[in-house]
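**Q** Sharing a structure here in structure tokens format.
Chains as they are written, first to last, in our numbering: chain A, 29 to 447; chain B, 29 to 447.
Okay, structure coming up:
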């Protein structure tokens with residue numbers, strides 16, 4: 029008898045049954061559940077803070093860094109943030125049951141496509157307990173059920189949040205089990221969850237590279253990865269240099285610890301001697317460490333030497349790799365070779381360069397004369413996002429509630445048979 | 029040194045480089061390549077037949093059934109069929125580079141979505157060599173590259189076809205390697221191919237359950253399965269009985285060996301005593317073996333007894349499972365429990381029953397008063413299909429060229445930075 033396996037499978041099967049019932053729950057019921065969930069959070073702040081205090085007490089035991097303790101902490105404004113987020117999601121249009129196309133075929137049948145929930149979403153995350161509410165809100169809004177599996181560091185907070193959210197949802201008519209949490213944080217639990225083909229319809233892991241690699245290696249169910257962002261800004265020969273400077277400063281320094289921050293600057297050799305020293309001055313003065321190729325270092329002596337590994341690295345820090353290239357073609361080849369396929373930008377005045385870059389760069393977001401920092405569900409108009417997919421199938425880039433649906437074909441006849 | 033691994037990886041890496049270049053190949057070039065491929069097939073019929081003869085000579089050694097030998101055989105009409113298929117695909121509209129949405133956001137950026145090729149498609153198939161041309165045509169049309177891995181029974185035919193197709197495509201400007209075939213048919217080759225994460229972007233297996241299960245178990249790259257079709261027809265209380273009879277006869281007997289044939293008949297108890305004996309008479313007279321639940325057998329004594337396993341089984345033969353149910357709810361529960369989630373139909377005059385069935389049944393195609401046999405790319409207006417996905421993500425049901433594309437986000441600014 030394996031008690032972790034039994035625990036995960038019992039939770040998963042119950043959540044799956046809830047997912048099947050969710051297909052018939054109208055949008056108004058789902059929205060009223062989201063408001064009830066927000067109310068439950070606001071009405072039970074003391075209980076949430078008390079559970080969070082238990083997690084914080086144990087943070088030493090897990091050797092959490094100061095930043096990790098900060099992520100773990102649920103203070104008043106973070107609790108309000110969860111409630112506000114749920115009400116915002118409730119206000120989105122319903123993504124379920126949209127008939128996106130319907131045509132009459134020569135045979136006489138009418139054939140259409142209708143958006144439907146995916147089913148049971150397994151959501152695996154690390155130390156931010158507020159993600160419990162964000163993920164549950166997006167998943168319920170899109171008519172799915174969620175099976176949460178958070179990190180051990182936040183388990184007390186997560187269990188209290190999930191149970192408040194579940195109770196509130198059920199009180200408004202959401203099937204029991206639609207918001208479920210795996211309470212045992214043993215590592216094997218992740219394996220059992222991602223092996224549950226036929227029960228879990230999709231797994232979304234959010235966290236560090238180690239977690240995501242583990243999930244991908246073990247998974248027998250489909251996974252959409254939110255992997256890393258090794259994002260590039262390419263300053264073309266014809267770039268407006270003021271724009272280029274603003275964009276690289278914004279992309280690198282506005283919030284260096286997030287996945288849509290720029291990690292690499294590529295500069296066309298025709299403009300490098302004019303642009304690079306000026307850009308370097310501004311970046312260095314903002315505390316950015318520069319690591320360059322030999323041609324870049326010849327123009328900016330303060331630059332450290334970049335090694336091969338730098339071109340692959342997501343620093344998540346005030347560090348920037350810099351390389352001089354001789355053409356947009358070379359820039360695109362470099363990006364397609366080293367990028368994590370998240371977001372890349374070109375700064376250019378040349379419409380042919382822009383087109384070449386947009387068509388050839390194989391990343392989830394490709395930008396012309398804009399900062400990589402715009403790569404975000406809110407900025408794109410999706411509302412909240414459950415993640416930024418670096419995969420190519422089903423959903424690419426920011427994933428909002430629409431990306432948490434799939435479709436079915438619907439066919440209407442009048443007794444039609446195939447000839 | 030592992031020569032199978034080396035062979036697969038060399039082919040895959042070369043095909044991947046071709047896939048990267050394909051992103052920039054215009055639709056007109058892809059279409060002219062498809063016509064050149066059709067010409068190459070028609071001009072080299074003797075060579076194709078000679079290679080196929082070698083496979084047919086060996087078919088005894090592999091113990092192929094008569095049906096398998098038929099599938100393996102490339103005669104004049106099948107060869108013409110391949111060429112005709114390629115020309116039909118060339119005539120489809122280009123699915124690549126379509127900007128499906130573009131909006132201006134409050135920040136000033138314009139944000140859109142553009143359809144793009146997926147990249148390198150690994151296609152694993154069994155004994156039909158003509159599938160080589162069909163798959164290569166659909167994959168090139170959608171701007172992707174293909175890495176073919178066919179069965180050992182057809183390897184001589186497949187190699188000659190792939191080499192003719194590749195040469196013809198390259199002569200029109202398609203990058204070398206965009207049509208590639210794994211020439212070593214050792215079983216480990218499948219494993220190496222489906223483990224090649226970061227090189228192969230998507231694997232589509234077409235074949236028996238054993239092959240698909242092997243691929244899913246081993247895969248580290250995304251897989252879209254064309255699994256089985258355990259399709260249901262539910263005859264509701266208010267069904268027009270003539271329509272119901274036509275539909276079940278068509279769905280069961282028109283082509284019993286295909287995945288959209290009906291395998292199960294569910295009948296509402298209010299109509300069962302009137303409908304079932306009549307339907308049974310017609311089906312039995314067409315050679316259909318009936319296997320029923322006890323209530324169905326009480327009405328039709330000629331029926332054999334259905335056991336639990338029958339409800340899960342795709343017979344692909346003139347056999348039909350029959351069950352009496354008391355409501356549309358019970359029918360839907362039965363379907364969601366036992367179906368392979370391919371195609372299900374309801375025959376009814378009641379709009380509420382129809383709606384309930386359409387919304388609640390979790391299958392790729394859901395039909396009202398139409399035969400399950402319509403579940404097909406051609407009937408739906410997709411043109412040719414590369415398969416019928418029984419998965420829920422990315423593509424569901426018939427997969428045409430549009431389903432062989434994904435999208436990227438495209439963002440245009442005028443030097444925009446994030447506030």
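Beta carbons are placed, not taken as given, at the ideal position from N, Cα and C, and that holds for glycine.
It should be emphasised that the depicted structure is a prediction, and the values quoted were computed from it without experimental measurement.
#1: Count the other C-beta atoms from every protein chain shown that fall within 10 angstroms of the C-beta of residue 121 of chain A, then say buried if there are 16 or more, exposed otherwise.
#2: DSSP three-state call for residue 408 of chain A: helix, strand or coil?
#3: Could you tell me which whole alpha helix (DSSP H) segments of length 4 or greater appear in the region 283-341 of chain A?
#4: Locate the alpha helix (DSSP H) running through residue 160 of chain B, then write down its first and last residues.
#5: Does the contact criterion of 3 or more C-beta pairs under 8 Å hold for the region 375-384 of chain B versus the region 30-41 of chain B?
#6: Pairing CB atoms from the region 135-142 of chain A with CB atoms from the region 389-403 of chain A, are three or more of them under 8 Å?
#7: Taking Cβ-Cβ distances below 7 Å as the criterion, which residues of the region 273-284 of chain A are in contact with chain B?
#8: Measure the alpha-carbon distance for residue 406 of chain A versus residue 426 of chain A and round it to whole angstroms.
#9: According to DSSP, is residue 18 of chain B helix, strand or coil?
#10: Using a C-beta to C-beta distance shorter than 7 Å, which residues of chain B count as neighbours of residue 160 of chain A?
#11: Residues of the region 212-232 of chain B in Cβ contact with chain A at a cutoff of 8 Å, in chain order, please.
#12: Give the DSSP-derived three-state secondary structure of residue 447 of chain B in the structure shown.
#13: Check the C-beta distance from residue 290 of chain B over to residue 261 of chain B and give it rounded, since I have them as a contact under 8 Å.
#14: Going by beta carbon distance, what residues of the same chain come within less than 6 Å of residue 299 of chain B, once the five residues before and after it are set aside?
#15: From the DSSP output, which residues share a beta bridge with residue 177 of chain A?
#16: Which residues, taken in chain order from the region 404-426 of chain A, show a beta carbon closer than 9 Å to some beta carbon of chain B?
#17: Secondary structure at residue 436 of chain A, three-state DSSP: helix, strand or coil?
#18: Indicate the three-state DSSP secondary structure (helix, strand or coil) for residue 372 of chain B in the structure shown.
#19: Run down chain B in chain order and give the residues with a C-beta less than 9 Å from the C-beta of residue 250 of chain A.
#20: Quick check on residue 265 of chain A: does DSSP put it in helix, strand or coil?
#21: Helix, strand or coil: which one does DSSP assign to residue 129 of chain A?
#22: Hey, residue 101 of chain A and residue 72 of chain A: beta-carbon distance below 8 Å or not?
#23: From which residue to which residue does the alpha helix (DSSP H) around residue 221 of chain A run?
#24: For a contact defined as C-beta to C-beta under 7 Å, what are the partners of residue 364 of chain A on chain B?
#25: Between the C-alpha atoms of residue 87 of chain A and residue 97 of chain A, what's the straight-line distance to the nearest angstrom?
#26: Of all Cβ atoms in chain A, is any one closer than 8 Å to the Cβ of residue 437 of chain B?
#27: At 7 Å on the CB atoms, spell out the chain B contacts of residue 449 of chain A, in chain order.
#28: Between which residues of its own chain and residue 116 of chain B is the CB-CB distance below 7 Å, once the five residues before and five after are set aside?
#29: CA-CA distance, residue 113 of chain B and residue 162 of chain B?
#30: Residue 140 of chain A by DSSP, collapsed to three states: which one?
#31: Is the region 223-240 of chain A touching the region 54-67 of chain A, taking contact as three or more C-beta pairs under 8 Å?
#32: DSSP has residue 260 of chain B in a bridge; who is on the other side?
#33: Could you confirm whether any beta carbon from chain A is found closer than 8 Å to the beta carbon of residue 128 of chain B?
#34: Taking CB distances under 8 Å as the criterion, tell me whether residue 440 of chain B reaches chain A.
#35: Would you mind telling me which residues of chain B sit closer than 8 Å to residue 434 of chain A, beta carbon to beta carbon, in chain order?
#36: For residue 109 of chain A, name the three-state secondary structure that DSSP assigns.
**A** According to the structure shown:
#1: Flag for residue 121 of chain A reads exposed.
#2: Helix.
#3: Entirely contained in the region 283-341 of chain A, the alpha helix (DSSP H) runs reaching 4 residues are, in chain order, 297-313, 322-327, 336-340.
#4: 158-169 is the span of the alpha helix (DSSP H), which, as asked, contains residue 160 of chain B.
#5: No: the two stretches stay apart, fewer than three of their Cβ pairs being nearer than 8 Å.
#6: The region 135-142 of chain A vs the region 389-403 of chain A: no contact.
#7: Interface annotation for the region 273-284 of chain A against chain B: 274, 275, 278, 282, criterion Cβ-Cβ distance under 7 Å.
#8: Straight-line Cα distance between these residues: approximately 9 Å.
#9: What the structure shows of chain B is the stretch from 29 to 447, and residue 18 of chain B is not part of that stretch, so it cannot be assessed.
#10: The premise fails here: residue 160 of chain A is roughly 24 Å from chain B at the closest Cβ pair, so nothing lies under 7 Å.
#11: From the region 212-232 of chain B, only 225, 229, 230 have a Cβ closer than 8 Å to chain A.
#12: If DSSP states are grouped into helix, strand and coil, residue 447 of chain B belongs with coil.
#13: Their Cβ separation, rounded to whole angstroms, is 5 Å, which keeps residue 290 of chain B and residue 261 of chain B in contact under 8 Å.
#14: Short of 6 Å from the beta carbon of residue 299 of chain B, and not among the five residues preceding or following it, lie these beta carbons of its own chain, in chain order: 265.
#15: According to DSSP, which records beta bridges pairwise, residue 177 of chain A is partnered with A:152.
#16: Cβ contacts with chain B: 404, 407, 408, 409, 419, 420, 421, 422, 423, 424, 425, 426.
#17: Secondary structure at residue 436 of chain A: strand, using DSSP grouped into helix, strand and coil.
#18: In the structure shown, residue 372 of chain B sits in a strand (DSSP, three-state: E or B).
#19: 250, 251, 419, 420, 421, 422, listed in chain order.
#20: The DSSP-derived three-state label of residue 265 of chain A is coil.
#21: Strand at residue 129 of chain A.
#22: The Cβ atoms of residue 101 of chain A and residue 72 of chain A lie no closer than 8 Å to each other.
#23: Annotation for residue 221 of chain A: the continuous alpha helix (DSSP H) segment containing it runs 216-222.
#24: Near residue 364 of chain A (Cβ distances below 7 Å), the residues of chain B are 48.
#25: Computed Cα separation, rounded: 7 Å.
#26: Yes, residue 437 of chain B lies at the interface with chain A (some Cβ there is under 8 Å from its Cβ).
#27: Nothing in the structure corresponds to residue 449 of chain A, since chain A is present only between 29 and 447.
#28: Close CB contacts of residue 116 of chain B within its chain, under the 7 Å cut and outside five residues either way in sequence, are with 411, 412 (chain order).
#29: Residue 113 of chain B and residue 162 of chain B: Cα-Cα distance of roughly 7 Å.
#30: If DSSP states are grouped into helix, strand and coil, residue 140 of chain A belongs with the strands.
#31: Inter-segment contact for the region 223-240 of chain A and the region 54-67 of chain A is absent: fewer than three beta-carbon pairs are separated by less than 8 Å.
#32: Bridge pairing for residue 260 of chain B: B:292, B:372 [DSSP].
#33: So, not an interface residue.
#34: It does: the Cβ of residue 440 of chain B has a partner Cβ on chain A nearer than 8 Å.
#35: Ordered by position in chain B, the residues that pass the 8 Å Cβ test against residue 434 of chain A are 420, 421, 424.
#36: Reduced to three states, the DSSP call for residue 109 of chain A is helix.
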